[in-house]
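Chains as they are written, first to last, in the numbering used here: chain A, 23 to 114; chain B, 34 to 260.
For every residue, glycine included, the Cβ atom is placed at its ideal position computed from N, Cα and C.
Presented below is the structure to which this report refers.
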Amino acid sequence: MSVPGLTITCREIVEVMTDYLENKLERAERLRFERHLVQCPPCRDYLGQLRTTVDQVGRLRAQESEVPAQTRAAMLDAFRSFRRGTRGNADD
Amino acid sequence: MTSSEPRTWHAAVLQQAHAPESALRDALLAGDEDHFERFVARRYAGMKHIADCAADPSEAEELVQRALADFCAELAAAETGQSIEAQLFACVVRRVRARAAELGGSDPFAVDEPIAPAVASERFQGDDHRWGGGWVAPPKPFALESMVPATVAELQRVLAAGLDRLPPALRVVAVLRDVQGLSSAEISRLLSLPERQVRERLHRARSRVRGELEAHLSRRTAQEARA
């Protein structure tokens, strides 16, 4: 909930959370942002939700996918061509 | 709380992504097939998320195959100044764009919808209220640490589906930044977008996916309460 004296509202702060997480806020903006969070539990919870979302999306990277057979065959063909090319050059 | 506080696991993933860059590049340049297969397997889902942005999603698999061929052809080229990750995804983006151009379409990664607020306006008090701009319906912590692994796995599927529902302009940035760990600078170069626009799209993508996760967890909690 917005508190008298704060110069950024909750509605405004949610719009700059990515800039905050990406460390792109100017110093004065960052201080204003952090002052608001100190006094606003719901905005802290929202920031926590956003952090959790980013962390969990990041975990999708750790999952190795099964590459379809046709794609696997095509990519290995391409890689072997590259390898033949470099080994051919090395033999020159 | 400080602005330099790391993004916990996400920051660690980014560190892992870039720490073994030279070792990975050396292995690929040496023709190590095992490394190449693992390299692609870990990035295949991300490549597919982006290739699915094509005008005809049924062509996505073929676009991924062509992008991989392009990547292999470029491996022996002189140092591009990009990470090997960025090189791979640049190939995917180029193929998707090239296919759109062949079909006479516009850039599939261009923004084509009005900007919406990160959170629906009805969740805040109106400006005429004493607490104008303050929460009416405040968020609750997700508290994933108290969930069983099966629930967390379910949430991963919700997130993957949420990424796929993003419009291409937002999806490509979310996948490159939050899944694959590319820096904003790399994404800016790869998409030929100012970094400010990359962050703006990232913000919109994250806000939407967060909203979907919140809605899913609310439904889940309501179902459990009725059970």
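- Here the alpha carbons of A:Arg33 and B:Arg156 stand approximately 9 Å from one another.
- When the five nearest sequence neighbours on each side are left out, the beta carbons in the same chain lying within less than 6 Å of the beta carbon of B:Arg128 are those of Leu96, Arg99 and Ala100, in order along the chain.
- Secondary-structure assignment with DSSP links B:Trp168 through a beta bridge to B:Phe157.
- Annotation for B:Glu187: the continuous alpha helix (DSSP H) segment containing it runs Pro182 to Arg198.
- Contact check for A:Val89 and B:Val212: beta-carbon distance about 16 Å, past the 8 Å limit, so the pair fails to qualify.
- Interface annotation, B:Cys105: in contact with chain A, CB-CB separation under 8 Å.
- Boundaries of the alpha helix (DSSP H) harbouring B:Lys81: Glu66 to Ala84, taken from the DSSP string.
- In terms of CA proximity to B:Ala88, B:Glu135 leads the group B:Glu135, B:Val152, B:Glu70 and B:Cys124.
- Between the segment 221 to 238 of chain B and the segment 36 to 48 of chain A there are three or more C-beta pairs closer than 8 Å, enough to call the two in contact.
- Assignment of B:Arg163 by DSSP, reduced to helix, strand and coil, places it in the coil class.
- Excluding sequence positions up to five before and after A:Met97, its CB lies within less than 8 Å of the CB of Val89, all in the same chain and listed in chain order.
- Chain A places no beta carbon closer than 8 Å to that of B:Phe122, leaving this residue out of the contacts.
- Here B:Glu228 has Ser217, Ala218 and Ser221 as same chain residues with Cβ atoms under 7 Å from its own Cβ, once five neighbours each way along the sequence are excluded.
- Below the 7 Å Cβ cutoff, chain A contributes Thr75 and Val79 as neighbours of B:Val242, in chain order.
- Among the CB atoms of chain A, one or more fall inside 8 Å of the CB of B:Glu247.
- B:Asp103 is the residue among B:Arg253, B:Val73 and B:Asp103 whose C-alpha sits nearest the C-alpha of B:Val126.
- Taken atom to atom, the span from the alpha-carbon of A:Thr40 to that of B:Ser240 is near 9 Å.
- Taking 8 Å as the CB threshold, B:Gln189 lines the interface with chain A.
- In this structure, DSSP gives B:Ser217 a helical state, which the three-state scheme calls helix.
- Judged by their CB atoms, B:Arg58 and B:Ile117 are nearer to each other than the 8 Å cut-off.
- Counting along the chain, the unbroken alpha helix (DSSP H) around A:Cys65 starts and ends at Pro63 to Arg81.
- Put simply, the backbone Cα of B:Val169 is about 35 Å away from that of B:His82.
- Within chain B, the residues Glu94, Val97 and Gln98 have their CB atoms less than 7 Å from the CB of A:Thr93, given in chain order.
- Contact annotation: B:Ala78 and A:Gln85 have beta-carbon atoms nearer than 8 Å.
- B:Val185 and B:Gly137 have their C-alpha atoms roughly 42 Å apart.
- Taking the C-beta atoms as reference points, B:Pro200 is found no nearer than 8 Å to B:Glu247.
- For B:Ala133, the closest alpha carbon among the candidates B:Arg163, B:Pro174 and B:Pro90 is that of B:Pro90.
- Annotation: B:Phe142 to B:Ala260 spans about 44 Å, alpha carbon to alpha carbon.
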